[in-house]
Structure formats: C-alpha cells, structure tokens
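In what follows, a structure is listed as structure tokens, so that the remarks can point back to it.
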Amino acid sequence: MKVKLRNPDRVIEVSGPSTVAGLLVELDIVPEAVLVIRDATLLTRDESLNDTDELEVRPVLSGGAVDPEVGRGRPADADAVGPEVGRGRPADADVVGPEGGRGRPADADVVGPEVGRGRPEDADVVGPEVGRGRPEDADVVGPEGRP
Amino acid sequence: MRCKVCRQHALVDIRRHNAAFCKDHFVDHVRNQVARAIKEFEMFTPDDRLLIAVSGGKDSLAVWDVLMDLGYDTTGFYLDLGIGGYSERSKAAAIAYAEGRDAKLIVRSLEQEHGFTVPELSRLTGRVPCSGCGLNKRYEFNRAALEEGFDVLVTGHNLDDEVATLFGNVLHWNTDMLARQAPVLEERLLGEGDAARTALVRKCKPLVRLAERETAAYAVLRGIDYIIEECPMVEGNTQHRYKEAITLLEESSPGTKQQMYFGFLKKAADRFKQDAQDVDVVACGGCGAPTVAWDDGDARCSFCNTKSLAQRRQQEGVPARTPRPRKR
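In order, the protein sequences belong to chains A and B. When we follow this note's numbering, the leftmost residue of the first sequence carries the number 1314, and every step to the right adds one. When we follow this note's numbering, the leftmost residue of the second sequence carries the number 30, and every step to the right adds one.
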C-alpha cells in the first residue's frame, strides 16, 4: 500500500500490515499522535487494510508559540521561553530543561524511585489504573444527554 | 469499532473515554465538549462579542467552526507573522475558511504594524523565534480585541496544549505561571474609579476538554482545509517535545492528560494563587499595556523592550545576534 507521510511530505510503500494498528507499529508511530486517513475518511485502529490502499498518516501534534496565559499580568516575560531580552536573566535554558546544560543530574528526590511504588498519590497521577477497568465516567465521557 | 451512540461504523476512537463515534456523533461530541467547557468555566454568553485568534491551523479553525455552529457572535483575527511561504499559506487557509463560511475575518500584518517580522525579530534580538512569536501574538491579539471592542478573546488551545504548558511549568516550578494557568483568564483593569480601563481583555480556551487528535479529527470530518505543515521555525520547540513525551504516556495510560490537567485545576491551581497576587502590575510606560513594576523602576513591557531593541539594531546597523541553536 502507498502511505503518505507529512512534515516533510513523502510517500512510502508498505506491505504486510493488515490493520491500522499494525501499520503504525511497523512505522514506529504512536497512534495517539496521528490520524490515519483513507479516501478522505478517518480509520480507527482496528480497521483492516489492503495492499491496494492509499493512506495518509497525518500528525496532529503542533508546537510553537507558548501558551498565552503563561505570564499573564507579566507581559514583560509572558513567554515561558524566557525574557532574555533586557532582563539580565540567563537564557531560557532553565525552561528548556534544568538537567540539560546545567550539569546537574536529575534530582532523585523529585523524580525518584518512589513514584509508582505503591504510593496512592503517585499512582493516581501516572499509574496504570488510569483508564483501566474504570467504568466509563459519565461526566467525562461523551455527549451530554446521551446514554 | 462501532459508534457508542448509534452502533454504526465508527470513524474516531477516543481511548480515554473508552468510546468511538461515527461522523455525526463525533461532531456532536466535539460540540458538546465545547459547550460544556463554556458552561463549566463560565467563559462567555451569546451576547458577548468574541474575537477568535486564527492561525489557519486545525485548532483555531475548529474552535471558530464550533462556536459559529453554537450560535455565538464571532469574528476571526489573523496576524501575519511574516514567516515566508508558511505565513502566506496559513493566511490563505484562514481567508478561505472565512469566505467559505461567510464569516468576518480581520487580517493584520506584524511587519505593517511594527516594522518587523518574526524571523527578523529573532535575527535582530537573538530571541528564540517561538518566544518572539508568542510575545507578538499575545500583544497583538489583545490590542486588536481592545481596539475593535470585543468582549472576549478566544484561542484554540486544546487539552494537549494545556498539559504541555502545565508539564513545563511543573518541571521548572514556575509557581507564578502555575497560578495563572486556567481555561479562563479574567479581564484585567488598570487604574481606579472612573479612570479604570480594560488593559487585558478576557481570554478563553473552549477546547480544553478536547485532545489535539480530536480537534484534528473534527477538522478533517468537517472538511476544514487547515494548514498541515509545521511552522519552519518550530524545530526543537520545547512545547512540542513535551507534547511528544505526554503523548507516549497517554498511549500507554489513556486518560493521563485529562487527569493531569483537570486534576491540577481541581486540586492544585488555587495553591499557587498567592504567587500571582504578589506581582505588582502597572501600565507600561511605552504603550500602556500592563506589565510588572520592577525593582529598578523600569516599567516597560517586554513587547516595547523587544521592539526598541530591534529598532535600535536596525537603525545603528549593529550586527544581528544569532539565535542560539536548539537541539532536538
């Protein structure tokens, strides 16, 4: 099948995968980061594919200017990327990541091994139970007023 | 997969909701999520005049599309940042959409308004392109809303945008910024009594209940011809890297993004409010926009400082600084 990829645009030939999920595994693409389109229609992960298909794998994650609420009330440095202009602050390396460029290893106290080891508060944040086995949350899921 | 509503063939699956939808019910889902965010966070009413910040991308066109269909009084605003062919194509997408829906669109050019483009600003000041871009957009969006008499500025920030910002602010414990991260940023007045004036227009993000993949799916299913290409200056952008990391977590644990953001709003956001209240905000001596009163007595906003620096370098022929390279 022909698969169109974006940024930059190119078309590759892929053979073998029989489902959208299989195709994305073969291309090493995270399914949550893309839409798969065939004949101007979206495909879910379980959709079957044929060797004659022409598909587009379209990325959905955009990046760029930082969020406008960052620094609200401080237009001077409203950008999280840092007001290096005229403020004498070091460049935005501390926003880009404290570990990188500062010679400090990640702080074991902050990202340490206790995370995910049975502490309820941690499990609540990143734990495997997120989205697993919970009944569909009525106030999270779906259109209001629908069953 | 089958649509959770009608059991017909599904086109979009949303794992964190453990649901899938056909085209019609997915569009309903998006509209309902937007309507719910507007109601939950008391964003605006049908009587308000909304200025929609439009980039030509999927999120801004999607939020404009939904708000029009929900019956709100909307006008689009496109700011030409002068990023070569990318800006030309994104402007064309915004104009084409507006014409197709017979919607009002205001177009302004950064170069015409201030004499420089985002790439020029970066070259002249050494400022990281995305930083300069964000600064200019915030400033111009607010200025346009005030000048044109709009009640609310609407942006297309979605759940992924909010989580990436939250992630970055937590990584660096930017507590004052955490205090200001919310789906609604209230109007800010300067002055007192009869002299009080709106300095920052109310700002709302109706897409906070929708992941980026959902807004993209909505745009495709609605036939919105948005600009797909990435801004050429975004290479190595920090926000983008955060999104990639968070998306990996979401893939393995669906619901992580929603839990992080709405958990923050519910359980943590108020704890940072004090940091924001400690900031002394005054009118910028250059343009009147709100800014921080610094200890050194300087009260010029970052936009004026940056613009002055760029103009000075242009006039004096000072060699332009080279922006620091970013690593991916």
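Even glycine gets a Cβ: it sits at the ideal position worked out from N, Cα and C. Please read all numbers here as calculations on a predicted model, not as lab measurements.
Query, Result
"Proximal chain B residues relative to R1463(A), where beta-carbon distance stays under 9 Å", "This structure cannot speak to residue 1463(A), because chain A is shown only from 1314 to 1460."
"Helix, strand or coil at V237(B) according to DSSP, with G and I counted as helix", "coil"
"Burial state of T1310(A), where buried means 16 or more other Cβ atoms lie within 10 Å", "Look at the range of chain A in this structure, 1314 to 1460, and you will see that residue 1310(A) is not part of it."
"Rounded C-alpha distance that separates D102(B) from E1360(A)", "40 Å"
"F50(B) - partner residues in DSSP beta bridges", "V41(B)"
"Beta-carbon gap between L195(B) and F293(B) smaller than 7 Å", "yes"
"7 Å Cβ cutoff met for E1355(A) and V237(B)", "Note that residue 1355(A) is Leu in the sequence shown, not Glu. No, these two residues do not count as a Cβ contact at 7 Å."
"Pick from C316(B), A312(B), I67(B) that is closest to V183(B), judged by C-alpha positions", "I67(B)"
"6 Å CB neighbourhood of Q287(B) in its chain, flanking five on each side removed", "R45"
"Own chain residues within Cβ distance below 8 Å of R1358(A), not counting five before or after", "T1332, V1333, A1334, L1337, P1344"
"Cα-Cα separation between N203(B) and A298(B), rounded to whole angstroms", "12 Å"
"Amino acids of chain B, ordered along the chain, whose beta-carbon sits closer than 9 Å to that of G1348(A)", "The sequence shown places Leu at residue 1348(A), rather than the Gly named in the question. Chain B residues near L1348(A): V41, R242, A245, A246, V249."
"Residues that DSSP places opposite P319(B) in a beta bridge", "A312(B)"
"Chain B contact for D1364(A) (CB, 7 Å cutoff)", "no"
"Sub-7 Å separation of L338(B) and T146(B) beta-carbons", "no"
"For R341(B) and K1315(A), the rounded distance between their alpha carbons", "53 Å"
"CB contact below 7 Å: E279(B) versus chain A", "yes"
"Range covered by the alpha helix (DSSP H) that runs through R341(B)", "331–345"
"Chain B within 7 Å of V1316(A), Cβ atoms only", "no"
"Stretch pair the region 102–121 of chain B + the region 210–221 of chain B: three plus CB contacts closer than 8 Å", "no"
"Contact under 7 Å by Cβ, L314(B) with A328(B)", "As written in the sequence, residue 314(B) is Gly, which differs from the Leu given in the question. Yes, the pair counts as a contact, with Cβ atoms nearer than the cut-off."
"Own chain partners of T285(B) with C-beta closer than 6 Å, once the 5 adjacent residues on each side are dropped", "L278, E279"
"Limits of the alpha helix (DSSP H) - the one that R172(B) falls within", "158–176"
"Segments of 4+ residues assigned as alpha helix (DSSP H) that fall wholly inside the region 224–272 of chain B", "241–250"
"Partners in chain B for E1326(A), counting only beta-carbon separations shorter than 9 Å", "Those do not exist, as E1326(A) stays about 22 Å from chain B at its closest Cβ, beyond 9 Å."
"Neighbourhood of C35(B) by C-beta distance below 7 Å, restricted to the same chain and skipping five residues each side", "C51, H54"
"Contacts of G373(B) in chain A (Cβ-Cβ under 8 Å)", "Coverage of chain B is limited to positions 30 through 357, which leaves residue 373(B) absent and any answer about it impossible."
"Buried versus exposed call for G252(B) [16 or more other C-beta atoms within 10 Å across all chains shown]", "exposed"
"L80(B) versus D180(B) - alpha carbon distance", "8 Å"
"Contact list for M97(B) against chain A, beta-carbon separation under 9 Å", "Within 9 Å Cβ-Cβ: nothing; M97(B) doesn't reach chain A, min ~19 Å."
"Residue closest to F332(B), alpha-carbon to alpha-carbon, out of Q344(B), Y126(B), G317(B)", "G317(B)"
"Per-residue contacts from P1344(A) into chain B (C-beta, under 7 Å)", "E280"
"Contacting residues, own chain, Cβ-Cβ under 8 Å from H186(B) (five flanking each side not counted)", "D88, K234, L236, V237"
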